[in-house]
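*Asks:* The opening residue of the sequence shown carries number 26 in this note's numbering; numbering runs sequentially from there. One structure, pasted below without further comment.
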Amino acid sequence: MAGSTVVFTLWPGLDLGVSGLAYRPGAGFALADRPVWDAVVLAGKAASILYAAVALILLPASLLRRADPAVARYWGLVILLYLIGPGLMVNGALKRGFGRARPDQIELFGGDGPFTAAWQVSGYCHSACSFVSAEVAAGTALTIGLALGALWFAGRPAARLFRRLALAALALLVLTAVQRIGSGRHFLSDVVFAILLVAALGTTLAWLLRPRQMPYLTPHRTGDLP
Numbered sequence: 026m027a028g029s030t031v032v033f034t035l036w037p038g039l040d041l042g043v044s045g046l047a048y049r050p051g052a053g054f055a056l057a058d059r060p061v062w063d064a065v066v067l068a069g070k071a072a073s074i075l076y077a078a079v080a081l082i083l084l085p086a087s088l089l090r091r092a093d094p095a096v097a098r099y100w101g102l103v104i105l106l107y108l109i110g111p112g113l114m115v116n117g118a119l120k121r122g123f124g125r126a127r128p129d130q131i132e133l134f135g136g137d138g139p140f141t142a143a144w145q146v147s148g149y150c151h152s153a154c155s156f157v158s159a160e161v162a163a164g165t166a167l168t169i170g171l172a173l174g175a176l177w178f179a180g181r182p183a184a185r186l187f188r189r190l191a192l193a194a195l196a197l198l199v200l201t202a203v204q205r206i207g208s209g210r211h212f213l214s215d216v217v218f219a220i221l222l223v224a225a226l227g228t229t230l231a232w233l234l235r236p237r238q239m240p241y242l243t244p245h246r247t248g249d250l251p
């Protein structure tokens, strides 16, 4: 996180350079209004909504059934990850607090807004602003949550399913990031910090809520595994 902040602070033109690769004067951004690429973003949103909905159903269900406490903790983690990450941190604080204009809104790319570097406050935008990407934040929450599920339930049949879903989510996340930059809706730093912030949050929540037998985060004996 600190390293990325230093890079984008010292070289703010990196954002302009990457966005400029997808922009042509008079034609706009290469991936803007492309149905196939728009479908990628919609698929990511739908997958995140479905995943969060499953968590909202399975958390109370696991509590009522008095299932393994690790199961309830996992679905609680997923809910907190979405609520705090894409919800409160991204849409609630960063987008409103920094007011950054989107690439297709700045003067260099045909708009009327100013360019501001990452973490620099601007008064141009008041809601749904560029910094950071909500779509990428949600995609990161999906990917991190599923990857943690594979670790959470290591040694159980569900772990394989979580691994496969995590790989699919990762591919969707990469495509979503490409679309958001290529369509002029986000800068590279919007994408990078969305990933880093949500990944850091997911790691923190996993450490706080981890079950005793979770590998890599908690020391365990072989006999502790289910």
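Glycine is no exception: its CB is placed at the ideal position from the N, C-alpha and C atoms. Note that the structure is predicted; figures quoted are calculated from it, not measured.
(1) Can you give the Cα-Cα distance for A119 and H151, rounded to whole angstroms?
(2) Name the one or two DSSP bridge partners that Y48 has.
(3) Tell me whether E132 is buried or exposed, calling it buried when 16 or more other Cβ atoms sit within 10 Å of its Cβ.
(4) Going by other Cβ atoms of all chains shown within 10 Å of its Cβ, with 16 needed for buried, is T34 buried or exposed?
(5) Apply the 10 Å Cβ neighbour rule to P182 and answer buried if 16 or more other Cβ atoms are within range, or exposed otherwise.
(6) Please identify the residue among D215, A231, P236 and R205 whose C-alpha is closest to the C-alpha of R59.
(7) Just checking, does the stretch 162 to 175 make contact with the stretch 218 to 236 on the three C-beta pairs under 8 Å criterion?
(8) Any idea if W36 is buried or exposed, counting beta-carbon neighbours within 10 angstroms, 16 or more meaning buried?
(9) Below 8 Å, how does it come out for the stretch 136 to 152 and the stretch 43 to 58: are there three or more Cβ pairs, yes or no?
(10) Can we say the stretch 104 to 121 touches the stretch 184 to 196, given the rule of at least three CB pairs closer than 8 Å?
(11) With a cut-off of 8 Å on the beta carbons, I'd call R210 and D129 a contact; round off their distance for me.
(12) Between which two residues does the alpha helix (DSSP H) carrying E132 extend?
(13) When you compare each of V103, L213, M26 and G207 to A52 by their alpha carbons, which one comes out closest?
*Replies:* The answer reads as follows:
(1) Correcting the residue identity first, residue 119 is Leu in this sequence and not Ala. Distance between the alpha carbons of L119 and H151 is about 11 Å.
(2) F54
(3) exposed
(4) exposed
(5) exposed
(6) R205
(7) yes
(8) exposed
(9) no
(10) no
(11) 7 Å
(12) No alpha helix (DSSP H) holds E132; DSSP gives it neither H nor E.
(13) G207
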